[in-house]
Amino acid sequence: VCYAEFGVRVPHTTGSAYMYSYVTVGEFIAFVIGWNMILEYLIGSAAGACAISACIDAMLDGAISEAFRKTFGTIIGEMTFFLLCHTPDLLAGIITILMTSLMLAGVKKSLLFNNVLNCLNFAVWVFIMGAGLFFVNSDNWTQHGGFLPYGWSGVLAGAATCFYAFIGFDIIATTGEEAENPKWSIPTAIILSLAIVLTAYITSSMMVTLIVPYSEINSGSGLVEMFAQRGAPSCHYIVAVGALAGLVVSMLGSMFPMPRVVYAMAKDGLIF
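The sequence shown maps to residues 1 to 272 in UniProt numbering.
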């Protein structure tokens, strides 16, 4: 709601929270927030590239990581420091270069690519909702510990982790200069996107827990593995494609606003 309000009061601007902070509380706070946003998008892009690489590797039964391990060996032997891994993730680097090239192609091509993947995500969601009805077992909500096996404290603990899934609406606010009518389009897009995402998450969570008891859900890839756990392995690959498309969209969402924040800060002389 705050972002939607700022979108109306400070239209035709790029920079999202950085610009809103600059206008309302001053340059120093905006400087800190701007660099935090750049760090957030950098880490998000890197994590997205690694997640896409891992997803593709998993779909190929680890063939890519094994090939890299045999070809390049290890970076630092048997030891790891901080976030360094044993084997260089060259596929993640290639994915980053490809996504950067897509960004350089322009907003129209980037949005077209994003819309295609979102349509694919929607199709997979419809498939999950439809195919999942054949495997629903309402006993999962009454047995195996009941509907809230860990009580409301468990719900709050899970919400503390899941809040990151709703981050992304701030990206909309970085496009104020490129929108035809930002006073209307930015708040409308923020509210609609949150409503759509909330609906998708709730229905997907309901379907997973109705198909597989909560104690048997694969914590790493619950949606992808739930059909395989119920004897429908062919559905596994369809959902995996949707998961891959979702990861690509997530990475695109991290890379898309970053140059706009940098541009806004550079205009104000806070980069150099």
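Where is the CB? At the ideal position from N, CA and C, for every residue including glycine.
Under a three-way DSSP split, which group does residue i fall into?
i, result
"Gly15", "coil"
"Pro213", "coil"
"Tyr3", "helix"
"Phe147", "coil"
"Gly269", "coil"
"Val116", "helix"
"Leu181", "It should be noted that the sequence gives Asn, not Leu, for residue 181. In the structure shown, Asn181 sits in coil (DSSP, three-state: anything other than H, G, I, E or B)."
"Gly130", "helix"
"Ile94", "helix"
"Val261", "helix"
"Gly176", "helix"
"Ala123", "helix"
"Ser101", "helix"
"Gly106", "coil"
"Val208", "helix"
"Val10", "coil"
When we look at the beta-carbon of residue i and count the other beta-carbons within 10 Å, is it buried (16 or more) or exposed?
i, result
"Asn115", "exposed"
"Phe6", "buried"
"Leu133", "exposed"
"Ile186", "buried"
"Glu78", "The predicted position of Glu78 is uncertain, since its pLDDT is 47 and thus under 50; a value taken from the coordinates is nonetheless stated next. Classification for Glu78: exposed."
"Val239", "buried"
"Ile172", "buried"
"Leu148", "exposed"
"Lys109", "exposed"
Compare the C-alpha of residue i against each of the options and name the closest.
i, options, result
"Leu104", "Ala264, Thr174 and Pro257", "Pro257"
"Ile94", "Ala46, Ser185 and Gly130", "Ala46"
"Leu247", "Ile56, Met19, Gly269 and Asn181", "Ile56"
"Val126", "Thr24, Val23, Thr14 and Gly242", "Gly242"
"Ala54", "Leu198, Asp89 and Leu252", "Asp89"
"Gly231", "Leu244, Ser204, Asn140 and Val212", "Val212"
Give the range of the alpha helix (DSSP H) segment to which residue i is assigned.
i, result
"Asp89", "Note, Asp89: premise wrong, no alpha helix (DSSP H); not H, not E."
"Glu27", "Glu27 to Met59"
"Gly253", "Pro233 to Met255"
"Arg230", "Run containing Arg230: none; DSSP gives neither H nor E here."
"Phe163", "No alpha helix (DSSP H) contains Phe163, which DSSP labels as neither H nor E."
"Asn140", "Asp139 to Thr142"
"Thr71", "Ala63 to Phe72"
Exercise. Would the stretch 205-216 and the stretch 30-40 be scored as touching if the rule is three or more Cβ pairs under 8 Å?
Worked result: With the cut-off at 8 Å, the stretch 205-216 and the stretch 30-40 do not touch.
Exercise. Does the count of Cβ pairs from the stretch 128-145 and the stretch 223-238 closer than 8 Å reach three?
Worked result: Yes, since at least three Cβ pairs between the stretch 128-145 and the stretch 223-238 fall closer than 8 Å, the two stretches touch.
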